Amino acid sequence: MEKLEHIGIAVRNLDEANALFARLLGKPHYKIETVESEGVRTSFFDVGGVKIELLEATRPDSPIAKFIEKKGEGVHHLAFGVSHLAESISQAKQNGFVALHETPKPGADNKLIAFLHPKTTNQVLVEMCQEKP
Ligand code: ZN
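Per the numbering used here, the sequence shown starts with residue 27, numbered consecutively.
Below you can see the structure in the form of structure tokens.
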């Protein structure tokens, strides 16, 4: 893992959360993007090179809808930037972590992403992400 790339936060209402975070951070989000395959609408704030990713469910079976149902709104995942995602997935598995995705899949913000199961990471959902080549 090379850097903390972003912190993902699950929210019920993206427009309200955008306004709240703009008030908190003193700047607006710089993009909104829907990732239909994941059932999420996302927005991004840049805070000194580390991003805040707000996540709103676009359908009831979205992982974000399920998360909010179980735990409520709040921090959802930490995302670490890597250069070679496929390698990082196999390395993580070799090191005893459970990968939720065996191969990189498309994420928001021009990234390929894969998650590690929180049961193997002290209950913290971990995303690894790589800039799309
Ligand atoms: Zn993320």
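Virtual Cβ for every residue (Gly too), placed ideally from N, Cα, C. All values derive from a computational prediction rather than experimental measurement.
**Message:** When you compare the CB positions of PRO130 and LEU138, do they come within less than 8 Å of one another, or not?
**Reply:** Remark: C-beta atoms of PRO130 and LEU138 approach each other more closely than 8 Å.
**Prompt:** Looking only at its own chain, which residues have a Cβ that is under 7 Å from the Cβ of VAL73, when we skip the five neighbours before and after it?
**Reply:** A distance below 7 Å between beta-carbons, with the five flanking residues on each side excluded, links VAL73 to the following residues of its chain, in chain order: LEU51.
**Straight-line Cα distance separating ILE115 from PRO54** = It is roughly 33 Å from the alpha-carbon of PRO54 to the alpha-carbon of ILE115.
**Message:** For the stretch 68-83 against the stretch 116-124, do three or more pairs of beta-carbon atoms, one drawn from each stretch, fall closer than 8 Å, so that the two count as touching?
**Reply:** Result no; under three Cβ-Cβ pairs closer than 8 Å.
**Asked** In angstroms, rounded to a whole number, what distance separates the CA positions of GLU28 and VAL108?
**Response** Each residue's alpha carbon lies about 6 Å from the other.
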